[in-house]
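Novice: Below is the structure I would like to discuss, written out as structure tokens.
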Amino acid sequence: MNNLFVYCEIEDGIVADVSLELLTKGRSLANTLGCKMEAVAIGHKLDSIGKQVFPYGVDVLHVFDDKRLAPYTSLPHTSILVKLFGEEKPQIALMGATSIGRDLGPRVSSALGSGLTADCTSLEIGDHEEKKANKVYKDLLYQIRPAFGGNIVATIINPDCRPQMATVREGVMKKEVVDANYKGEEKKHDISKFVSDADFVVSVIDRQMEKSKTNIKGSPIIVAGGYGVGSKENFQLLYDLAAVIGGEVGGSRAAVDAGYLEHERQIGQTGVTVRPKLYIACGISGQIQHIAGMQESSIIISVNNDPNAPINTIADYVITGSVEEVLPKMIKYYKQNTK
Amino acid sequence: MSLKIIVLAKQVPDTRNVGKDAMKADGTVNRAALPAIFNPEDLNALEQALQLKDEHPGSTVTLLTMGPARAAEIIREGLYRGADGGYLLTDRAFAGADTLATSYAISMAIRKIKDYDLIICGRQAIDGDTAQVGPQVAEKLGLSQITYAENILQVKDGKITVKRRLERGVETVEGKLPIVITVNGSAADCRPRNAKYIQQYKHAKTVTEKQEATVDYTELFSNRPYLNLTEWSVADVQADVEQCGLSGSPTKVKKIENVIFQAKESKTFEPTDHNIDELMKELILNHTIG
Ligand SMILES: Cc1cc2nc3c(=O)[nH]c(=O)nc-3n(C[C@H](O)[C@H](O)[C@H](O)COP(=O)(O)OP(=O)(O)OC[C@H]3O[C@@H](n4cnc5c(N)ncnc54)[C@H](O)[C@@H]3O)c2cc1C
Ligand SMILES: Nc1ncnc2c1ncn2[C@@H]1O[C@H](COP(=O)(O)O)[C@@H](O)[C@H]1O
Chain B
93 MNNLFVYCEI EDGIVADVSL ELLTKGRSLA NTLGCKMEAV AIGHKLDSIG KQVFPYGVDV
153 LHVFDDKRLA PYTSLPHTSI LVKLFGEEKP QIALMGATSI GRDLGPRVSS ALGSGLTADC
213 TSLEIGDHEE KKANKVYKDL LYQIRPAFGG NIVATIINPD CRPQMATVRE GVMKKEVVDA
273 NYKGEEKKHD ISKFVSDADF VVSVIDRQME KSKTNIKGSP IIVAGGYGVG SKENFQLLYD
333 LAAVIGGEVG GSRAAVDAGY LEHERQIGQT GVTVRPKLYI ACGISGQIQH IAGMQESSII
393 ISVNNDPNAP INTIADYVIT GSVEEVLPKM IKYYKQNTK
Chain E
430 MSLKIIVLAK QVPDTRNVGK DAMKADGTVN RAALPAIFNP EDLNALEQAL QLKDEHPGST
490 VTLLTMGPAR AAEIIREGLY RGADGGYLLT DRAFAGADTL ATSYAISMAI RKIKDYDLII
550 CGRQAIDGDT AQVGPQVAEK LGLSQITYAE NILQVKDGKI TVKRRLERGV ETVEGKLPIV
610 ITVNGSAADC RPRNAKYIQQ YKHAKTVTEK QEATVDYTEL FSNRPYLNLT EWSVADVQAD
670 VEQCGLSGSP TKVKKIENVI FQAKESKTFE PTDHNIDELM KELILNHTIG
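Respectively, the protein sequence lines represent chains B and E.
Residue numbers are given in the working numbering: position 35 of the first sequence equals residue 127, and the series is strictly consecutive.
Residue numbers are given in the working numbering: position 192 of the second sequence equals residue 621, and the series is strictly consecutive.
Shown next, in the form of structure tokens:
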């Protein structure tokens, strides 16, 4: 009882990265709290889910397998979580801040009368003292998230209502297997006890999902471009550099908005979070919302013709010059000096 | 079939254009420095509603907004673009509401409006980016929901067909009325204000605004009753004060901090061939690249 729950998102029988990332975070929070971590899988053909999630330290996996439960629709998944949480009374429930999690989370939280903090960038356990009521709350979930367009960071708590619910964007937490042979228990549930026919009022007529074209989250080297790159044509320089040194291309929101590159490649608070070995920021000024998604990169190089660009303060190397001048020189050196 | 549509719209500080003076020295937000605007995705929501009104003659579009007295501007903005009326939900007791308390108050107001086929709102408000109020209102009213709508394709025989824009694709779904729809920024932009409607509604006011006005509107408003914008309090919508505002909010802000990034000691250099060669050499030697 009072364990930590993670809702697992599943597409074509594969658990989404964001859910595995949450399981990793969930495991460490559960260790701090001394409770179990339980995972919920709702969908169809879920036989291999256990194999996928147990290595992340799942103690109990709740499986709800039915043809009508995939693809995802709001009401049946809500009904299952509301009933399951009603019985199990989790202290914490986590889900991805994805199209699904942001559709499901608020509905569940409303039904349970519990709070929900969207898009957390960090989750911690800590105490809280309510001075007026002279009351101390132990081991609350600190739900830390940017607010007001990223200009401030707020720590949100949920002292009285359970579960404490939070969503987290993909890539914000790290995914890490704790033990390939971790032993968890699988519980298959009887769907008819959780959903009614009335839950299936919304039906999916057509569905076209694209496979992701990039893997910037997993790339050890990222060449990122901003508005300063100037044009889609100039971005070719970044692709060339990435190709020779073996990296992926990403960018700022301004670059994406200008149509220089696809939305999938946006890095930052409203894009992906990356932590590569090397991050080369080309023509990026370094606003808070961008830095939020790349500050944990090991080595940061900034190429910017403004010596006072804010990104320079967090960079290891600052090259004060234009993208057009610097990148060809890098490419040339690398080509000449490696086999 | 004519439709009764409620559009939920919020007045928000324009967090996209945050200037240097947006933060006070003590690290709190200087709301006064941020212009108040119609939440962008709520304009997309309004447009979807107005398109349905165009296609289904006899339909009405009613705005519902919760906020301080000046949020009446949102209703006027809607009227200028073709909405038929609006309600301002305003009360000190609503202050400090998180999304749960907000959706409770809004759902009580919708219960009072009572007669509706569709509730359309924005996906999310840019002050919090939570995207929670739509689904929570749906849940509180016991309605189904379709989120991230990019286009309401059709409403016919009590059914609605919607194209949804998801992170990695698109979906077409069908639901039954009444239902809550949340609209994405990728949907059609809202039509501009219409000069005729501006003429018609520029004096539209709430009771509070009339009281504060220096001009006497009594006669104008009795001749043109449509200029009266309805204002509702907690009591008007029979809401439980305990479930509103701060007291009805399970989440609390424990702490607010400025964002501070760890500055590094950086090496700065000019882009000469020599400097770039040295840098690349170092990166290859320490196996960062290659
Ligand atoms: C709620 C919210 C969420 C946001 N989320 C994100 C997010 O996820 N990711 C994100 O990136 N942004 C995000 N933003 C936007 C962010 O605030 C900035 O607007 C954006 O990051 C700026 O992009 P930029 O640095 O490419 O452009 P700019 O700020 O315009 O900077 C361009 C830079 O290029 C330099 N430059 C110009 N020409 C050259 C040249 N020839 N060679 C070299 N340098 C040159 C300039 O000196 C300048 O420093 C968000 C904003 C808000 C309000
Ligand atoms: N105070 C409010 N008044 C009217 N509508 C609101 C209010 N707050 C939120 N909404 C609606 O709910 C949507 C999602 O808001 P949020 O959950 O705050 O991101 C908004 O786009 C609005 O359509």
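Every residue gets a Cβ at the ideal spot worked out from N, C-alpha and C, and that includes glycine.
Given 7 angstroms as the limit, tell me if residue 665 (chain E) has its C-beta closer than that to any heavy atom belonging to ligand 2.
Specialist: For ligand 2, not one heavy atom lies less than 7 angstroms from the Cβ of residue 665 (chain E).
Novice: Out of B:378, B:388, B:419, which has the shortest C-alpha to C-alpha gap to residue 399 (chain B)?
Specialist: Selected option, being the one with the closest Cα: B:378.
Novice: Ligand 1 and residue 359 (chain B): does the residue's C-beta get closer than 7 angstroms to at least one heavy atom of that ligand?
Specialist: Correct: residue 359 (chain B) has its Cβ closer than 7 angstroms to ligand 1.
Novice: Indicate the three-state DSSP secondary structure (helix, strand or coil) for residue 698 (chain E) in the structure shown.
Specialist: Note: residue 698 (chain E) maps to strand in three-state DSSP.
Novice: List the whole-angstrom C-beta distance separating residue 372 (chain B) from residue 403 (chain B), where the pair is believed to meet the contact cut-off of C-beta under 8 angstroms.
Specialist: So it is not a contact: roughly 11 angstroms between Cβ atoms.
Novice: What residues from the region 658-692 of chain E come within 8 angstroms of chain B, judged by C-beta to C-beta, listed N to C?
Specialist: The residues in question are 678, 679, 680, 681, 682, 683, 684, 685, 686, 687, 688, 690, 691, 692.
Novice: Can you give me the C-alpha to C-alpha distance between residue 582 (chain E) and residue 707 (chain E), rounded to a whole angstrom?
Specialist: Roughly 59 angstroms between the two C-alpha positions.
Novice: For the region 563-580 of chain E and the region 604-619 of chain E, state whether three or more C-beta atom pairs, one from each stretch, are separated by less than 8 angstroms.
Specialist: They touch, by the three-pair rule.
Novice: Does the region 282-292 of chain B touch the region 167-178 of chain B, meaning 3 or more C-beta pairs lie closer than 8 angstroms?
Specialist: Cβ pair count under 8 angstroms is three or more, so yes.
Novice: Output yes if chain E places a C-beta closer than 8 angstroms to the C-beta of residue 241 (chain B); else output no.
Specialist: Yes, because at least one Cβ of chain E sits closer than 8 angstroms to the Cβ of residue 241 (chain B).
Novice: Give me, in chain order, the residues of the same chain whose beta-carbon lies closer than 8 angstroms to that of residue 106 (chain B); leave out the 5 immediate sequence neighbours on both sides.
Specialist: Same-chain partners within the cutoff: 144.
Novice: Just to make sure I have the definition right: I need the residues of chain B whose C-beta is within less than 8 angstroms of the C-beta of residue 598 (chain E). Which are they?
Specialist: Within 8 angstroms Cβ-Cβ: 299, 300, 301, 302.
Novice: Considering just the uninterrupted stretch of the alpha helix (DSSP H) at residue 151 (chain B), what are its terminal residues?
Specialist: Premise fails: residue 151 (chain B) is in no alpha helix (DSSP H) and is neither H nor E.
Novice: Please compile the residues from chain E whose C-beta is within a distance smaller than 7 angstroms of the C-beta of residue 296 (chain B).
Specialist: Simply 600, 602.
Novice: I'd like the list of long-range same chain contacts for residue 205 (chain B), defined as Cβ closer than 8 angstroms, with 5 residues on each side in sequence excluded.
Specialist: Cβ within range, chain order: 253.
Novice: Relative to ligand 2, is the shortest distance from any of its heavy atoms to the C-beta of residue 187 (chain B) smaller than 7 angstroms?
Specialist: No, Cβ of residue 187 (chain B) sits at least 7 angstroms from all heavy atoms of ligand 2.
Novice: According to DSSP, is residue 355 (chain B) part of a helix, a strand, or is it coil?
Specialist: In this structure, residue 355 (chain B) counts as helix in the three-state DSSP scheme.
Novice: Taking only runs of the beta strand (DSSP E) that begin and end inside the region 554-642 of chain E, which ones reach a length of at least 3 residues, in chain order?
Specialist: Segments of the beta strand (DSSP E) lying fully in the region 554-642 of chain E: 573-585, 588-595, 598-605, 608-612.
Novice: Here's a check: name, in chain order, each residue in its chain whose Cβ is nearer than 6 angstroms to the Cβ of residue 636 (chain E), leaving out the five neighbours to either side.
Specialist: Correct list, in chain order: 660.
Novice: Residue 313 (chain B) and residue 339 (chain B) look like a contact to me (Cβ under 8 angstroms); what is the Cβ gap, rounded to whole Å?
Specialist: That pair is a contact at about 3 angstroms.
Novice: Are the beta-carbon atoms belonging to residue 531 (chain E) and residue 207 (chain B) less than 8 angstroms from one another?
Specialist: Going by C-beta atoms, residue 531 (chain E) is not nearer than 8 angstroms to residue 207 (chain B).
Novice: Taking the Cβ atom as the reference point for each residue, do residue 222 (chain B) and residue 255 (chain B) lie within a distance shorter than 8 angstroms?
Specialist: Not closer than 8 angstroms, so no.
Novice: So is the beta-carbon of residue 474 (chain E) under 7 angstroms away from any non-hydrogen atom of ligand 2?
Specialist: True, at least one ligand heavy atom lies under 7 angstroms from that Cβ.
Novice: Counting only runs of 3+ residues fully inside the region 340-394 of chain B, write out the beta strand (DSSP E) ranges in chain order.
Specialist: Fully enclosed beta strand (DSSP E) runs of 3 or longer: 340-343, 370-374.
Novice: Flag residue 541 (chain E) as yes when its Cβ comes closer than 7 angstroms to any non-hydrogen atom of ligand 2, and as no otherwise.
Specialist: No.
Novice: What residue does the beta strand (DSSP E) around residue 551 (chain E) start on, and which one ends it?
Specialist: Here the beta strand (DSSP E) through residue 551 (chain E) covers 547-551.
Novice: When you measure from the CB of residue 468 (chain E) to every non-hydrogen atom of ligand 2, does any distance come out below 7 angstroms?
Specialist: Yes - ligand 2 has a heavy atom lying nearer than 7 angstroms to the Cβ of residue 468 (chain E).
Novice: Could you check whether the Cβ of residue 550 (chain E) sits closer than 7 angstroms to any heavy atom belonging to ligand 2?
Specialist: Residue 550 (chain E): yes, Cβ under 7 angstroms from ligand 2.
Novice: Near residue 142 (chain B), what residues of its chain come up, given a Cβ to Cβ distance below 6 angstroms and the 5 sequence neighbours on each side ignored?
Specialist: 153, 278.
Novice: Identify every residue that forms a DSSP beta bridge with residue 222 (chain B).
Specialist: Beta-bridge pairing links residue 222 (chain B) to B:227.
Novice: Give me the Cα-Cα distance between residue 118 (chain B) and residue 638 (chain E), rounded to the nearest whole angstrom.
Specialist: Roughly 51 angstroms between the two C-alpha positions.
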